[in-house]
Each structure stands twice: as structure tokens, then as C-alpha cells.
Amino acid sequence: MQPIIHQEATQESRTNGNRRQDAAISPGLSTRTLHQGAQRRHAFHSLTPPIVQTAAYTFEDTDAVIAFKSSPEKARLEYGRYGNPTVQGVERRMAALEGGEAALLVSSGMAAITLPLLLLLSSGDHLIVGDDTYHRTRVFANDFLVRYGVSVSTVPTTDLDAIEAAIRPNTRVIVAETPTNPFLRCVDLAGLADIGRAHGVITLIDSTFATPLNQQPLQYGVDLVVHSVTKYLAGHNDLLAGVVVGRSELIEALRDSQGLFGAVVDPSTAYQIHRGLQTLGLRIAQQNRSALTIARYLDSHPKVRRVWYPGLASHPDHEVARRQMTGFGGVVSFEIEGDGAAASRFVDALELAHIAPSLGGVDTLVMQPAILSYFNTPREQRLALGITDELIRLAVGIEDEQDLLADIAQALEAV
Ligand SMILES: Cc1ncc(COP(=O)(O)O)c(C=O)c1O
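Per the numbering used here, residue 438 is the first one in the sequence shown, and the count goes up by one each step.
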């Protein structure tokens, strides 16, 4: 893991001896999310990073404009679409948390997926996409990118042999997600990165369900990691954002294309993300714990047919998850005994969980994918993906574990 010390403190440790560095040997989750990549000092001695709410930056005089335009080192900012100090603060923190060189904050999780693909792919190129990725990722690849002359192979996410077999001379990018939604399938990150490296193909991992606290794909040699910041990282179901983390050279190229596409994050939103990140360690620890307890409870319940949670030994990717994850996340999927109506009775009987299509926030959310995310997908097609009428996805929040268990128990009575 990277040292938690931010740049200023490292300077300080040079003059004050190694006191700070020694103190930073193995920080815990909450220490990391409060301090990793964080700037120690801000304007006006503010404890919190200021929200620099501006669209443009002023120049003192014409010489200053000329000096800025002629310098290859852009030591200051010019216009809001090309950068903002509040946004940059969050980018530094995300790079540090993921162990990457640089990060780019973008306007949504979808922008974090579409922007790299639009940058890296040209007409005539080939893309491999995991079959269990977020369904909009697959829609973007198959319905949109193909219009621009990109060919797409959709391949079983966890089958490394199938991924390798799908590689063609013109393959440029492999997109996968781990854990996936809603079956929490886990891709062997080291294996995937090896395939990418061996064939000179860029690997991109959507790590939204894990967060950098449960898994760090860059450590395994993956090229780019993306998140829907909307979920755990911001954590309060009150904003939309995304992030891409990786090598500086790739991220700077992406930053240039962000200036063209315009998918930027407002400084106030960036501040809210900063605030959300401060409690990420506490939230993830609790969500990991509660989800595991709930998964075990459901697994032993006679009214539950099957549970998918990577922390359970019965999950098909439990061994992969154990190798590469430090916690198994807050989402549990399961099938109720009976039919879709029984599943709806369970969902409607829950008193704490809200019915909503997101995850990763402080509130527990629940949904039947067949009725929510896949409502417009033909039945045969969704059944082929395993999305049965009885399937339920529970995104565990930070309510007390015993209260969530009691609520689930009383709702199962209603089935
Ligand atoms: C795994 C995953 N990736 C990406 C996205 C897209 O994120 P956003 O809604 O922030 O655009 C989602 C949203 O549900 C998601 O679950």
C-alpha cells in the first residue's frame, strides 16, 4: 500500500525527521480514507478544502496570459472545464486510495466508462466486454460503439480462457467488472491483467461494488480502474459522479478528452464527494460486516432458495474473492422460494429498506431486478442472464445489523 502521507507532510517529514513516515506504516481503513492523498493545509487555514466555485480563472495582465500559454507546464488553471482545485483535491485522494498515479473525476459512473472507450477505440478496433457487466456498459458497447465501426465480443466475465480466445489482432480494450451486478461474480484480476499485457490490450475494471478499500485492481497490473462514485464513494445517494484511476499518461489523455466532451463535475459536488470519502472506512467496515451476516442468515432460511454473496463458501467465485478482496462488499442477491409475486411480497413487507435502483449509500435499498433494471428486457433474454422473477438484490446500508436482520425476518414471514 502507498504511504498515507500527502505531499506537504512528506516535505515536513524531511525537515522534522521521519516521525510522520514512521507513524504511517499500516494505516487502518478510516485513517486511510481521512488522510490518504489529502492536502494538509488549505487557503485561509481552513480545515476543510475550499469549494472554488468558479467557471474561469483570471490573469493579472497580458504577460501572464502569454507566459501561461507558452509554458508546457500548466502551473495554473484557465477554465473550469479543464480543471478545478476542489475537483483536483478529490482526484488526488482517489489516486492515493487506489494506489494509482493519477485520477480523473467525471460527471457519472457511465462517463467513467464511456470516456476511456471513446478515447481508446477507433473505427476498425475490437472491444471485449464481460457478459455480466453493468447492463448500460453492454448497451453502450453493442448499440452505440458498433455504429462507429468498433466490433464487440461479449464474453463470460469470469472465464479467462474465453476472454483470451476472443482476442483478435485488432483488440484494443477489455472491459470487465468485479464483483458484478447482481450475481457478484469475481474476475481473477491478476489473470485478466496478464492476458492484457501479453496481447498489448488495455484492461479496464469497473470496481464500483468493491471500493478501493475492499480491492485494488491496479495492484494486479490492470491498466484502468473506474467507479460509479454515485455509490459507495460518495455514499449518501445524493449525487452522481464517476472516477477513472491509472497511469498519468492515460489519465492526462483522458483529461484532454474530458475537455472536449465536457463531462465535468461541479466543485460543490466534488466537495460532497470529499465529505463522503471521509466516512468511507466506517461505512465500508459496517456494510461488509452486516452484508456477510445477512447473507449467512438468508443462506440458512427455508424460504430462501439461493444466495449470491462472495463471502459465502457456496459462491462460485469465493476463492477468487478471498484472494483479491479484503472485504466482500454490501450487496447480497438471493432468490425467494416461490414465484415473483412471493418476492414482491417480501420486498413490500420490508420496513427499513427503500425500493430503489442504486446501492452503496447509507440507506439500505432493495429491488427485484426483473421488475426494475430489466423491466423492458424480453423475459427470455433476462432469464438467459439468470434474472428470474424471484431474484432480489439487497444493497445493505449502515442501519444497525440487528435491525436489518429483524426487518428481513419479519418480511420473510410475509412470503
Ligand atoms: C457497476 C456499475 N457501474 C457503473 C454504473 C453507472 O454509474 P452512474 O449511475 O453513476 O452513471 C453503475 C450504476 O448503477 C453500476 O452499478
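Glycine included, C-beta positions come from ideal geometry on N, C-alpha and C. Because the structure is a prediction, the values reported are computed rather than measured.
Burial state of Asp569 (16 or more Cβ within 10 Å):
Buried: at least 16 other Cβ atoms inside 10 Å.
Ligand 1 heavy atom lying under 7 Å from the CB of Glu614
yes
Three-way DSSP call (helix, strand, coil) for Val583 in this model:
It is helical.
For Thr617, the three-state DSSP class (helix, strand or coil):
coil
Per DSSP, the bridge partner or partners of Val543
Gly679
The region 648 to 663 / the region 478 to 487 touching (three or more Cβ pairs under 8 Å)
no
Let me know the secondary structure DSSP gives Thr608 once reduced to three states.
strand
What residues in its chain sit with their C-beta under 7 Å from that of Asp625, if we drop five residues either side in the sequence?
Leu597, Val757
Give me the Cα-Cα distance between Gly834 and Gly798, rounded to the nearest whole angstrom.
6 Å
Terminal residues of the alpha helix (DSSP H) in which Phe698 lies:
685 to 698
What three-state label does DSSP hand Ala821 in the structure shown?
Helix.
beta-carbon Met804 near ligand 1 non-hydrogen atom, thresh 7 Å
no
Output yes or no for whether 8 Å exceeds the beta carbon distance between Phe783 and Ala848.
yes
Thr801 and Ala780 - do their beta-carbons sit closer together than 8 Å?
no
May I ask you to list the residues that DSSP assigns as paired with Met804?
DSSP lists Arg830 as the beta-bridge partner residues of Met804.
What residue range is occupied by the uninterrupted beta strand (DSSP E) comprising Asp643?
639 to 643
As an exercise, report each continuous beta strand (DSSP E) stretch of at least 3 residues that is fully enclosed by the region 748 to 817, in chain order.
768 to 773, 802 to 804
Proximity test, Tyr708 beta-carbon vs ligand 1 heavy atom, cut-off 7 Å
no
At a cut-off of 7 Å, is Tyr571 close to ligand 1 when judged by its beta-carbon and the heavy atoms of the ligand?
yes
Give the single residue among Pro522, Val543, Met547, Leu787 whose Cα lies nearest to the Cα of Ala578.
Taking only the C-alpha atoms, the option nearest Ala578 is Met547.
Residues bridged to His563 (per DSSP)
Ser588, Thr608
Per DSSP, Val502 is paired with what?
The partner list for Val502 (beta bridge, DSSP) is empty, contrary to what the question assumes.
Would you call Asp754 buried or exposed, if buried means 16 or more other Cβ atoms sit within 10 Å of its Cβ?
buried
Distance between Phe765 and Pro739 (C-alpha atoms, nearest Å):
24 Å
By Cβ distance below 7 Å, which residues in the same chain neighbour Ala460 in space, the five residues on each side in sequence not counted?
For Ala460, the predicted structure reports a pLDDT of 42, less than 50, and the residue's modelled location is therefore unreliable. A value from the coordinates is still provided. No residues qualify anywhere along the chain.
Using a threshold of 8 Å, state whether the C-beta atoms of Ile721 and Leu650 are closer than that.
yes
From the DSSP output, which residues share a beta bridge with Ala533?
BP columns for Ala533 are empty, so no partner.
Where Gly637 and Asp631 are concerned, what is the direct C-alpha to C-alpha distance, given to the nearest angstrom?
10 Å
In this structure, how does DSSP classify Leu661 when only helix, strand and coil are distinguished?
In the three-state reduction of the DSSP assignment, Leu661 falls in the strand class.
Evaluate Gly537 with the Cβ neighbour count: other Cβ atoms within 10 Å of its Cβ, from every protein chain shown; 16 or more gives buried, anything less gives exposed.
buried
If you compare alpha carbons, which of Glu614, Arg733, Gly767 is closest to Ser425?
Not covered by the structure: residue 425. The range shown for the chain is 438 to 852.
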